[in-house]
Amino acid sequence: DVALKLLKRFQNLPDESYGFTDHKLLRRRESFSLPNQNSKPVPQLESSSVKFSVLMELAKMPSVFPSGTQYGHLRQFIYNHLSVDRKFSEDYGITEITNFVQKVTSVDKRQLKTSTNRPLSRYDKVLIVLDFLATLVSGLHLWRILCEIAYLFGKTLKRLYGISEIYEQKCTHYQVIGILSYFSRSIGKLNGQQLKDAYAYEAMLYAAEHGIIEFINAMREAKPALLSAVNSCNRGIFSYAIQYRKQNVFQLIHCLNGRKEMFRYSIDTFGNNMLHLAAHLGPPSDRHSRSGAAMQMQREIQWFKAVEKVLHPKFKEAENDDGKKPYEIFTENHEELVKDGEKWAKDTATSYTIVGTLIITIMFAAAFTVPGGNDQNTGLPIFLHDNVFTTFLIADALSLFASATSVLIFIGILTSRYAEKDFVKNLPWKLMFGLSFLFLSVCSMIVAFCAAIIDMISKGYRTNKWSIIVLIMLLGSIPIIVLVLSQLRLMKEIIHSTWKNRISTIEG
Numbered sequence: 055d056v057a058l059k060l061l062k063r064f065q066n067l068p069d070e071s072y073g074f075t076d077h078k079l080l081r082r083r084e085s086f087s088l089p090n091q092n093s094k095p096v097p098q099l100e101s102s103s104v105k106f107s108v109l110m111e112l113a114k115m116p117s118v119f120p121s122g123t124q125y126g127h128l129r130q131f132i133y134n135h136l137s138v139d140r141k142f143s144e145d146y147g148i149t150e151i152t153n154f155v156q157k158v159t160s161v162d163k164r165q166l167k168t169s170t171n172r173p174l175s176r177y178d179k180v181l182i183v184l185d186f187l188a189t190l191v192s193g194l195h196l197w198r199i200l201c202e203i204a205y206l207f208g209k210t211l212k213r214l215y216g217i218s219e220i221y222e223q224k225c226t227h228y229q230v231i232g233i234l235s236y237f238s239r240s241i242g243k244l245n246g247q248q249l250k251d252a253y254a255y256e257a258m259l260y261a262a263e264h265g266i267i268e269f270i271n272a273m274r275e276a277k278p279a280l281l282s283a284v285n286s287c288n289r290g291i292f293s294y295a296i297q298y299r300k301q302n303v304f305q306l307i308h309c310l311n312g313r314k315e316m317f318r319y320s321i322d323t324f325g326n327n328m329l330h331l332a333a334h335l336g337p338p339s340d341r342h343s344r345s346g347a348a349m350q351m352q353r354e355i356q357w358f359k360a361v362e363k364v365l366h367p368k369f370k371e372a373e374n375d376d377g378k379k380p381y382e383i384f385t386e387n388h389e390e391l392v393k394d395g396e397k398w399a400k401d402t403a404t405s406y407t408i409v410g411t412l413i414i415t416i417m418f419a420a421a422f423t424v425p426g427g428n429d430q431n432t433g434l435p436i437f438l439h440d441n442v443f444t445t446f447l448i449a450d451a452l453s454l455f456a457s458a459t460s461v462l463i464f465i466g467i468l469t470s471r472y473a474e475k476d477f478v479k480n481l482p483w484k485l486m487f488g489l490s491f492l493f494l495s496v497c498s499m500i501v502a503f504c505a506a507i508i509d510m511i512s513k514g515y516r517t518n519k520w521s522i523i524v525l526i527m528l529l530g531s532i533p534i535i536v537l538v539l540s541q542l543r544l545m546k547e548i549i550h551s552t553w554k555n556r557i558s559t560i561e562g
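All you need for this note's numbering is the position in the sequence shown, starting with 1, plus 54.
So this is what it looks like as structure tokens:
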């Protein structure tokens, strides 16, 4: 559990006057303990020792906050729909977590009893109804059987999709939000000097560096003055958000109303405004989350454009102490990334061009060597009036035209000038449409091949032809599935970053 982990790791907290005493936390020791944990008593701490802020440690732990946890679409859907009592944020969620875990991990109907010390939740009411139904069917032992089946089914789902792990993670998030709520109320009572002694300003900067928006929101609501936290170089939380590419923190600047101008005009000790900071390369963790150097370059330009919208126009041409403008710094720092992006785009386009050319050759030849051959008298295909043969002709033509279109698009990528602004929309659009037409051509080619084989089999086989047809269709679906799995991530990333990108659509 988070509180005990912090207490055991750091045995020195600010004294009583600052609102963060060890005694307050130790009195809540049992509340922060999950069931079946045999933790040793934590010794009392010396208030005269070196002071430590729990807030500082929370600001360095992004994984215990919802914003620091990234799931795939399926796991995120499970996370969003797992039921956890919202009262966690009010009383640290310890009692509710204990009760909830006991209820969902046991099939014994004794767990259906609810506590009389708090109002019944919706989940408790459901349990009472289930208990009543269990009583009705207890004579037939049907309830016990249903419970066992439900338990085994739930256990299988938990193992298959990691539901237990996700649930524990969500419980941890609510615990931490409760702990943060407790400390934020204490923070609101401190004056300026006490905030410095409690390292609250430093904690805000760490939270901005790690993108912990929950921490920043809780602190600014308790003490709005904490938003003005700066380091020794006069860089604040929004400078950190830009420097470390934390989008959720950067977007907070649009919620500040009147105080927004103070941050838009901020300049550090080196004469850099926020656009100068955006002109530098982002951290590797942000860039490497993109597929290929071209998509990384697109992300860098989007960040630069988003910050440019926020600042006053005069800052676009402002020089820092080194006499450099933001655009000059951006070009200088991204020169290698532009070259890498050009190489990646050309290599990708070359590979797809070869595939498209092969498809054109195959489908062009197939159009004149139709299945079943041609009538020697008329020259027309023998299977001309068959529906399956019509499917073959349509799929063949569609594959040929789609592959030809994709090849032309990829040739356009190869001959592009690769200026910085081309990475924003021009190159991603071409790559997206080229991939789409290539995917269509491959699918149509498989359909044409299957139609030709099925047409010949239906004329030659009298028995077991349907089993052969089904087998051919199953085998024909394999290359389509492989193509989807291999290229789906890149296509989704291009669509999201180009059409649904949240950075470039921020309104200043």
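We treat Cβ as the ideally placed atom computed from N, Cα and C, and that holds for glycine.
The straight-line gap separating the alpha-carbon atoms of I500 and M545 is approximately 21 angstroms. One Cα belongs to M328, the other to M115, and the distance between them is close to 26 angstroms.
Taking all protein chains in view, the Cβ of I408 is surrounded by fewer than 16 other Cβ atoms within 10 Å, so the residue is classified as exposed.
Counting C-beta pairs with one atom in each stretch, the region 259 to 272 and the region 286 to 304 have three or more that are closer than 8 angstroms, which means they touch. Remark: fewer than three beta-carbon pairs, one from each stretch, lie closer than 8 angstroms, so the region 457 to 472 and the region 517 to 529 are not flagged as touching. Each residue's CA atom was taken as its position, placing Y221 and C287 some 41 angstroms apart.
Boundaries for M115: no alpha helix (DSSP H) harbours it, and the DSSP string shows neither H nor E there. Minimum Cα-Cα distance from F384 among the listed residues L335, L537, E219 corresponds to L335. Along the length of the region 474 to 545, whole alpha helix (DSSP H) runs at least 4 residues long occupy 480 to 514, reported in chain order. Straight across, the Cα-Cα distance linking K368 with L454 is about 53 angstroms. The DSSP-derived three-state label of V284 is strand.
For G232, the enclosing alpha helix (DSSP H) has its first and last residue at 217 to 241. When the alpha-carbon of S235 is set against those of Y133, L112, I132, K224, the nearest one is in L112.
A contact between stretches requires three or more CB pairs, one per stretch, nearer than 8 angstroms, and the region 122 to 133 meets this requirement with the region 221 to 233. Note on A283: 16 or more other CB atoms within 10 angstroms of its CB, so buried under the neighbour-count rule. Remark: C-beta atoms of M351 and F464 do not approach each other more closely than 9 angstroms. Between F237 and the set E275, K484, G265, the nearest pair of CA atoms involves E275. Within a 10 Å sphere around the beta-carbon of M316 sit fewer than 16 other beta-carbons, which makes this residue exposed.
CA-to-CA, the gap between L462 and F487 works out to about 11 angstroms. With contacts defined by Cβ atoms closer than 9 angstroms, V442 and D509 form a contacting pair. DSSP, reduced to helix, strand and coil, places G325 outside both helices and strands of the structure shown, so it counts as coil.
Selection R239, F503, M110, S121 evaluated against Y255 yields M110 as nearest (Cα-Cα). Burial is judged here by how many other beta carbons sit within 10 angstroms of a residue's own beta carbon; A419 has fewer than 16 and is exposed.
Closest in alpha carbon position to L306, among A272, I549, S117, I217, is A272.
Taking 9 angstroms as the cut-off, the Cβ atoms of E219 and M349 do not count as close. Here DSSP, grouped into helix, strand and coil, assigns G395 to helix. Closest in alpha carbon position to N285, among Y319, P278, K250, P337, is K250.
K314: member of the alpha helix (DSSP H) spanning 314 to 318, first to last residue. Bounds of the alpha helix (DSSP H) holding K250 are 246 to 251. Per DSSP, T445 is one residue of the alpha helix (DSSP H) stretching across 441 to 468. Non-local C-beta neighbours of Y298 in its own chain, meaning closer than 6 angstroms and more than five positions away in sequence, comprise E263, P337, ordered along the chain. Secondary structure of G346 (DSSP, three-state): coil.
Your pair L468 and T404 checks out as a contact, with CB atoms roughly 7 angstroms apart and the cut at 8 angstroms. In summary, K363 is exposed, with fewer than 16 beta-carbon neighbours lying within 10 Å of its beta-carbon over all protein chains present.
Excluding its 5 nearest sequence neighbours in each direction, K479 has C-beta neighbours in its own chain below 7 angstroms: T552, listed in chain order. Using a 10 angstroms sphere on the CB of T423, the tally of other CB atoms stays under 16, which defines it as exposed.
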